Amino acid sequence: MTISKEQIIQTAKLARVKLNDNEMDDITQRLSSILELVDQMQAVDTSAVEPMANSLDAVQTLRVDLVDEPADKIARRNELLEGAPACEDGLFLVPRVID
Amino acid sequence: MTKPNTDLHNLTIAELHRGLQQKQFSSHELTEHFLQRITQLDTELNCFISVDAERALLLADEADQRLANGDTADLLGIPIAQKDIFCTRGMRTSCGSKMLDNFVPPYDATVIARMQQAGAVMLGKTNMDEFAMGSSNETSYYGPVKNPWDTNTVPGGSSGGSAAAVAARLAPAATGTDTGGSIRQPAALCGITGLKPTYGRVSRYGMIAFASSLDQGGPMTRSAADAAVLLNTMVGHDPLDSTSAHAVCPDFTKQLPKSIKGLRIGLPKEYFDQRLNTAMADKVHEALQHLTALGAELVDIELPNSALSVPAYYVIAPAEASSNLSRFDGVRYGYRCENPTDLEDMYTRTRSEGFGDEVKRRILVGAYALSAGYYDAYYRKAQQIRRLIKEDFVKAFEKVDVIAGPTSPSPAFALGAKQSDPVEMYLEDIYTIAVNLAGLPGMSIPAGFINKMPVGLQLVGNYFDESTLLNTAHQYQQVTDWHQRSPID
Amino acid sequence: MQWETVIGLEVHVQLATQSKIFSGSSTAFGAAPNTQANAVDMAMPGTLPVANEQAFHSAILFGLAINADITRTSVFERKNYFYPDLPKGYQTTQLEKPIVGAGTIELIDGDNNIRNVRIHHAHLEEDAGKSLHEDFHGMTGIDLNRAGTPLIEIVTEPDMRSAAEAVACFKKIHAIVTYLGISDGDMSQGSLRCDANVSIRPVGSDTLGTRTETKNLNSFKFIEKAINVEVARQIDLLEDGKAITQETRLYDSEKNETRSMRSKEEANDYRYFPCPDLLPVVIAEETITALQNSMPELPDQKMLRFQNDYGLSAYDAGLLVEDRAVAEFFEAVTQQCQDPKLAANWVMGDLLAYLNKADLSMSQSPVDASALGHLIARIIDQTISGKIAKQVFEVMCGSGGTADEIIEAQGLKQLSDSGAIEALIDQVIANSAPQVEQYRAAEPDKRKKLVGYFVGQVMKMSQGQANPGEVNRILAQKLNAQN
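Residue numbers (my numbering), protein chains in the order written: chain R, 1 to 99; chain V, 1 to 489; chain U, 1 to 483.
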């Protein structure tokens with residue numbers, strides 16, 4: 001399976017990465033060769049095989065519904081927000097969201 | 001009371017432990033010794049992204065205090081280099097990316113917390129491929145790591161900084177993470193011992209995710225005996241990681257001295273076919289002769305679907321990564337582009353400027369594989385193949401205790417040699433990837449040299465049977481000295 | 001042309017767990033921004049989700065309540081999209097193997113007619129944070145306190161045929177989740193929200209028309225209005241020969257119209273896949289049995305019981321059970337006064353009217369069930385009349401106090417002494433010669449009407465305290481006897 005430039009542009013948009021025009025040919029070629037590699041899978045009949053998301057086929061241990069919070073939640077908040085690119089009044093700031 | 005020891009960096013963890021306990025040297029002295037070596041040698045090797053000498057010495061002093069109080073914990077006072085993928089409270093954790101160049105976590109990864117509890121001294125954070133995506137350490141934002149055996153070659157990746165640091169004796173031991181071979185392949189290329197435990201053995205909490213269903217942290221050391229000591233501290237169920245296993249954790253040092261007489265070692269015919277170059281095949285067979293001399297039996301086995309592991313991996317890992325890396329959006333931490341014009345501009349420029357090319361490439365492949373209309377052909381198919389690969393191993397382990405083969409197709413290659421063709425780079429992991437897909441424990445141990453460059457023997461164990469791997473490796477290291485060779489005097 | 005409306009709902013219910021679905025942060029409402037969001041909720045690098053057992057139990061209870069299949073091995077999936085209040089860049093939700101499979105919600109009307117709405121499935125997912133659009137130098141503020149609050153999303157089949165039916169279904173879901181105690185049902189805090197999928201088709205057609213999805217309706221009133229205006233809009237379009245666009249719309253309650261949300265329409269491809277951080281959840285049979293055994297009485301069962309045990313009409317019983325708190329209040333009042341019909345009238349009448357006016361919930365009622373029961377008991381034992389009781393009730397609501405205290409303090413005790421009443425009546429008759437004459441001249445069948453005047457006068461003189469039954473009896477005697 002090959003990938004077209006249009007598909008790459010669409011996928012890049014979904015993933016929020018921008019590609020320069022001069023990167024385009026290079027990436028099309030690289031992605032195509034990766035997809036060629038990946039296409040080797042199609043030769044195998046897997047119709048009767050259950051997909052495996054976890055190698056151990058393990059199941060999940062659930063957590064008991066208990067609140068676990070520090071006494072000083074403002075201090076915790078301030079610590080978590082310390083590396084925020086932009087924040088004010090305890091809020092993260094982003095360019096205006098228009099709905 | 002202390003006597004100068006110029007050779008501290010060549011001691012094993014057991015020897016360091018003994019020296020500390022017997023007050024031959026202090027953790028402070030030991031830490032200073034390694035910090036000095038880093039200052040001397042790391043400018044060229046580039047193993048470390050961050051070294052905080054002050055913090056390391058403070059930890060060493062705390063360890064010395066505990067030692068003075070009679071604490072005998074195995075790792076107490078021992079300097080360890082941590083891969084910069086593990087979050088460290090108050091210390092920059094970059095994951096080799098510009099995206100996290102300014103990220104200082106307010107929490108510790110579980111692995112870090114456990115090491116700290118055990119009294120290990122964190123020397124610094126090691127270089128790595130960006131977000132662990134790479135097999136040569138060339139995708140790091142902080143520049144490539146040089147292989148200490150030949151600084152024109154790569155150390156392997158993604159845990160290349162850890163591997164090179166241990167090989168060059170800049171740290172007695174280090175941690176790594178392995179998603180498709182990222183502990184074992186650099187261990188092989190740098191001539192050290194690296195163990196990827198069974199999936200779920202080691203908590204992933206605070207270990208920045210690449211591909212969640214494949215990622216696993218593990219020790220990178222000079223010997224199997226050292227690896228066992230580190231592993232003891234790293235393993236165990238973690239309530240913060242619901243995928244971490246509830247399996248019983250033995251003392252991994254216990255089985256080391258056991259004889260391997262009667263051990264059945266499986267040789268997958270797919271790993272020894274015509275694609276394996278003769279020099280590498282010779283080294284593997286040489287290593288196997290040592291093992292048979294110790295009483296092991298060789299058994300021919302088949303892993304018929306192993307050729308599909310690379311294609312399946314290069315769907316599953318990028319797919320999970322594309323989603324795992326969505327959180328790097330410039331909103332809450334890390335890099336944000338300058339003067340975004342609007343929200344979309346902020347997202348797109350932050351991610352385009354913050355991620356390197358290989359990361360972007362994998363994000364695109366992953367997003368594409370998951371997108372509507374392709375999911376069944378790619379992601380679902382890869383997960384089905386994954387089951388076939390696992391079943392091959394399960395069948396094989398009915399007949400054998402350990403599977404052996406090469407770790408990598410060749411020794412370290414020149415810097416830049418494989419950068420133009422991603423697929424050629426991906427094939428570096430052809431022998432290691434299946435182990436991650438199946439979730440099995442795998443190990444690489446030094447098995448000699450080709451043209452003065454180290455190569456590794458890979459050992460793969462059954463689920464949760466790291467003990468047998470360590471035992472096999474340790475017995476092998478009793479009769480070989482490859483693991484004691486040093487690239488630097 | 002005659003059009004038929006076809007409606008399906010997607011109802012989001014916030015679960016009343018203590019902690020979030022994937023972290024130990026509290027779900028309590030109203031904390032300072034980002035103080036109830038930990039490193040996991042903020043999607044800090046390397047952090048991992050650990051799922052909350054109670055969220056599963058809540059979802060299973062709902063499933064059992066609607067006779068749904070409970071999925072024994074249920075899986076979380078990631079829905080990938082970028083939005084500033086979605087910290088991970090994906091929402092953890094369920095798609096292929098939701099915890100609750102197909103079930104049924106029964107809508108029972110005031111005549112005990114049953115109409116079934118099929119539930120396609122219900123799944124667990126996490127809520128997003130909140131974007132605050134107040135002006136922060138032209139930027140938007142992000143508060144992640146709500147991020148990770150557990151939700152069940154209940155998806156119905158397109159089985160409703162009118163806005164009223166959609167509201168009835170939503171109300172039934174509200175009743176079920178509050179009866180089960182799995183949600184606080186507080187609509188003003190967004191605990192229940194609903195998206196309405198609306199389409200129309202010519203009556204008699206059995207193919208579905210193009211539908212629109214109207215998002216985020218958070219009150220009974222808005223659901224009804226939004227659906228009605230959306231249906232009207234669609235009819236206008238089709239009758240003008242235009243086509244309906246499949247799209248997401250937003251209801252503007254101020255303008256009472258729906259409008260297109262183009263921002264959400266950009267070709268979104270959510271790239272769902274099983275979440276590798278959360279292994280499949282296997283539900284043990286014992287868990288299901290234990291939850292089944294812990295199941296409280298549900299609204300439909302209660303409605304039937306109210307009809308059977310208390311002799312209430314289906315209509316009254318239906319109204320009472322709509323709100324668990326109201327139903328329980330009613331039962332407590334009945335316990336106290338032993339007259340279910342009076343209790344029902346008082347609860348649905350005076351009490352709810354008062355609470356509505358004062359904008360109070362049942363739990364905030366200034367008069368508790370026991371106090372109201374006592375008041376009604378005083379009507380039954382003829383201490384006061386129903387009319388006086390209303391007066392007493394108002395005092396109880398206003399300045400408090402028990403019925404007995406107020407009756408005593410204000411001397412409202414009913415006059416039942418026939419001698420005293422007779423004296424009052426004699427006085428009225430004496431003062432009302434023309435009316436007496438008119439009464440006596442009237443045909444017997446018209447007298448009934450005229451007697452009201454005398455009753456009124458007697459009640460006035462007694463300040464409402466005369467026992468109306470006695471008054472009527474003696475009046476009839478006197479007026480007719482002297483005939």
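Think of the CB as a built atom: it goes at the ideal place given N, C-alpha and C, for glycine as much as any other residue.
Values in this document were obtained by computation on a predicted structure and should not be read as measured data.
Quiz item: If contact means a Cβ-Cβ distance below 7 angstroms, which residues of the segment 382–394 of chain V contact chain R?
Solution: ALA382, GLN383, GLN384, ILE385, ARG386, ARG387, LEU388 and LYS390
Quiz prompt | Residue from LYS478/U, LEU279/U and LEU342/U whose Cα sits closest to the Cα of ASP241/V | solution = LEU279/U
Exercise. Can you tell me which of GLN336/U, ALA344/U and PRO274/U puts its alpha carbon nearest to the alpha carbon of GLU320/V?
Key: PRO274/U
Quiz item: From which residue to which residue does the beta strand (DSSP E) around LYS196/V run?
Solution: 193–196
Practice problem: Can you tell me which of the three DSSP states TYR90/U falls into? | Solution: strand
Self-check item: Test: LEU151/U CB closer than 8 angstroms to a CB of chain B
Solution: Note that chain B does not occur in the displayed structure, where the protein chains are R, V and U.
Exercise. Could you have a look at HIS246/V and say whether DSSP puts it in helix, strand or coil?
Key: coil
Practice problem: Please classify THR92/U: is it buried, with 16 or more other beta-carbons within 10 angstroms of its beta-carbon, or exposed? | Solution: buried
Practice problem: Using a Cβ-Cβ cut-off of 8 angstroms, state whether LEU469/V counts as contacting chain R. | Solution: no
Quiz prompt | Selection from ALA75/R, GLU88/R, LEU93/R and MET41/R that minimises the alpha carbon distance to ARG386/V | solution = MET41/R
Quiz prompt | Rounded separation between ARG305/U and GLN382/U - CA only | solution = 29 angstroms
Quiz prompt | Helix, strand or coil at ALA327/U [DSSP, three-state] | solution = helix
Quiz item: Residues of chain U with a CB under 7 angstroms from the CB of ARG204/V: which are they?
Solution: LEU48
Self-check item: DSSP beta-bridge partners of ASN147/V
Solution: ASP150/V
Self-check item: Terminal residues of the alpha helix (DSSP H) in which LEU217/U lies
Solution: Run containing LEU217/U: none in the alpha helix (DSSP H); it sits in the beta strand (DSSP E), 212–217.
Quiz prompt | Proximal residues to THR35/U (C-beta, below 8 angstroms), its chain only, five neighbours per side dropped | solution = ASN145
Quiz item: For LEU342/U, does the count of other Cβ atoms within 10 angstroms reach 16, so buried, or fall short, so exposed?
Solution: buried
Self-check item: the segment 303–320 of chain V touching the segment 96–111 of chain U, judged by at least three CB pairs closer than 8 angstroms
Solution: no
Quiz item: Closest by CA to PRO95/R, which one among ASP85/U, LEU95/U and GLN94/U?
Solution: ASP85/U
Quiz prompt | Under 8 angstroms by beta carbon: chain U residues contacting PRO85/R | solution = Going along chain U, no residue has its Cβ under 8 angstroms from PRO85/R, so there is no contact; the nearest lies around 11 angstroms.
Quiz item: What did DSSP end up calling VAL17/R once you bin it into helix, strand or coil?
Solution: coil
Quiz item: For a contact meaning CB atoms closer than 7 angstroms, what does THR28/R contact in chain V?
Solution: Neighbours of THR28/R on chain V: none; closest Cβ ~10 angstroms, over 7 angstroms.
Quiz item: Going by the beta-carbon positions, is the gap between TYR333/V and GLY83/R smaller than 8 angstroms?
Solution: yes
Exercise. Taking TYR335/V as the query, report the chain U residues whose CB atoms sit under 8 angstroms from its CB, ordered along the chain.
Key: In chain order: nothing, as chain U lies at least about 12 angstroms away.
Quiz item: Does DSSP put TYR439/U in a helix, a strand or coil?
Solution: helix
Quiz item: Shortest alpha-carbon distance to ILE208/V belongs to which of THR88/V, ALA281/V, ARG222/V and GLN255/V?
Solution: THR88/V
Quiz item: Looking at C-beta atoms only, is the number of pairs between the segment 52–62 of chain V and the segment 26–37 of chain V that lie closer than 8 angstroms three or more?
Solution: yes
Quiz item: How far does the beta strand (DSSP E) with LEU230/V in it reach, from first residue to last?
Solution: Unbroken run through LEU230/V is the alpha helix (DSSP H), 224–234; no beta strand (DSSP E).
Quiz item: Counting only beta-carbon atoms, is TYR142/V nearer than 8 angstroms to chain R?
Solution: no
Quiz item: Do you know offhand how far LEU67/V's Cα is from VAL13/U's?
Solution: 56 angstroms
Practice problem: To the nearest angstrom, report how far apart MET128/V and GLY366/V are at their CA atoms. | Solution: 21 angstroms
Practice problem: Tell me where the beta strand (DSSP E) around LYS446/U begins and ends. | Solution: Counting along the chain, LYS446/U falls outside any beta strand (DSSP E), though it belongs to the alpha helix (DSSP H) covering 444–461.
Quiz prompt | Identity of the residues DSSP links to PRO274/U by a beta bridge | solution = GLU77/U
Practice problem: Apply the 10 Å Cβ neighbour rule to ARG295/U and answer buried if 16 or more other Cβ atoms are within range, or exposed otherwise. | Solution: With the sequence shown as reference, residue 295/U is identified as Met, and Arg is not the correct amino acid for it. Burial call: exposed.
Quiz prompt | Whole runs of the beta strand (DSSP E) within the segment 56–110 of chain V, excluding any shorter than 3 residues | solution = 79–83
Quiz item: Which of the three DSSP states, helix, strand or coil, is assigned to ALA14/V?
Solution: helix
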